[in-house]
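**Q** Residues 774 to 1016 (our numbering) are what the sequence shown spells out, left to right. Glycine is no exception: its CB is placed at the ideal position from the N, C-alpha and C atoms. I have a structure here, written as structure tokens, and I will follow up with some questions on it.
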Amino acid sequence: MRRALFRRYPIAVALILFGLLLAIYFSDEGLLGRTLDYLRNFKDYSNSLRDDILSHGPRAPFFFILIQVLQVVFAPIPGEASGLLGGYLFGAVPAFFYSSIGLTMGSAAAFGVGRLLRKFLTKRIKDTAFYRKFNHLVSRSDYLIPFVLFLIPGFPKDSLSYLLGMSIMSLPSFLFITAIGRMPGTLMLSLQGAEIYNGNYVKLALLMLLSFLVILPCILYRHRLLLLLEKRAGNQAPSEENR
């Protein structure tokens, strides 16, 4: 019964649970005070980091762009953390611009590595069902599926960039898909980082709630979504093979 209710009204149930958790969490005044102290201490530390980076003047954006490139290629830090950092350092709009540049450059580098390794790896996996299925997902005539994958919150987009480099996809098509597909998540992180710097925790909570409402359906219906994408790829496969 409860499972059926959750499946039928997932957003409503999630909002109720979210509200109950907030009520329980902040009902303890001591806990609320400790939370606010933590946020203030975090902001003090972050202000020091912000001052250090911005002390480089016009070069500061280039340092941040480099951080975004490296987190895609080598993943030394989580992408969410660097996205929040950008909003905290530069504000929402500049951070969105700088992050988009860095993420696109890093994705292009990962795509290039995948393309360099394609000959070496495809000789060993070209006859596998996985490789044939993956190539069908990125047929020359239909790049909707990779684009949707870039839009899905939480999907491993950095790994996808390497895999797409091994596919038949062209670099210009990939750059367009990754640049546009990453924008919604990049914008949301930039906005959240800016609100942390401004100390506007009400707006931050609303942005986090909005992110939660976007991510929730993707989690609940991920299997159905993937099945739809696979079905579309299967329909595209015959037309591609007849060319």
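1) What is the C-beta distance between alanine 865 and alanine 967, in whole angstroms, given that I count them as a contact (C-beta under 8 Å)?
2) Only counting the same chain, and skipping five residues up and downstream in sequence, which positions put a Cβ closer than 8 Å to that of proline 929?
3) Assuming the contact rule is C-beta atoms closer than 8 Å, methionine 939 and leucine 894 should be a hit. Round their C-beta distance to whole Å, please.
4) Ordered along the chain, which non-local residues of its own chain (more than five positions away) have a Cβ less than 6 Å from that of aspartate 824?
5) Mind checking whether leucine 857 and glutamine 965 have CB atoms under 7 Å apart?
6) Can you give me the start and stop residues for the alpha helix (DSSP H) that leucine 862 sits inside?
7) Closest to serine 946 by C-alpha separation, out of Leu983, Pro851, Leu917 and Glu853, would be which residue?
8) Between cysteine 991 and the rest of its own chain, which residues show a CB-CB distance below 6 Å, the 5 nearest in sequence each way excluded?
9) Rounded to a whole number of angstroms, what is the C-alpha to C-alpha distance between leucine 937 and proline 851?
10) Which residue's Cα is closest to the Cα of histidine 829: Arg888, Leu843, Ala854 and Leu862?
11) Roughly how many angstroms lie between the CA atoms of glutamine 844 and alanine 854, to the nearest whole one?
**A** To lay it out plainly:
1) Working through the sequence shown from its first residue, we reach residue 865 at position 92. Working through the sequence shown from its first residue, we reach residue 967 at position 194. Contact flag correct, Cβ pair sits at about 4 Å.
2) Position 156 of the sequence shown, counted from the start, is the residue given in the question as residue 929. So no residue of the chain qualifies.
3) Residue mapping note: residue 939 aligns to position 166 of the sequence shown, counting from 1. Residue mapping note: residue 894 aligns to position 121 of the sequence shown, counting from 1. About 6 Å separates the two Cβ atoms, so the contact holds.
4) Translated into the one-based positions of the sequence shown, residue 824 becomes position 51. Taken in chain order, the list of residues that qualify is empty.
5) Within the sequence shown, numbered from 1, the residue matching residue 857 stands at position 84. Within the sequence shown, numbered from 1, the residue matching residue 965 stands at position 192. Yes. Within cutoff.
6) Numbered from its first residue, the sequence shown carries residue 862 at position 89. Taken as a continuous stretch (DSSP letters only), the alpha helix (DSSP H) holding leucine 862 covers 852-863.
7) As a working note, residue 946 is residue 173 in the sequence shown. Ranking the options by Cα distance to serine 946, first place goes to Leu917.
8) Along the sequence shown, read from residue 1 onward, the residue named residue 991 stands at position 218. Excluding residues within five positions, the ones whose Cβ falls inside 6 Å are Ile925 and Pro926.
9) The residue you call residue 937 lines up with position 164 of the sequence shown. The residue you call residue 851 lines up with position 78 of the sequence shown. Between leucine 937 and proline 851, the C-alpha separation is close to 21 Å.
10) In the sequence shown, the residue the question calls residue 829 occupies position 56. It is Leu862 whose Cα lies nearest to the Cα of histidine 829.
11) To locate residue 844, count along the sequence shown from 1; it is residue 71. To locate residue 854, count along the sequence shown from 1; it is residue 81. When rounded, the distance between both Cα atoms is 10 Å.
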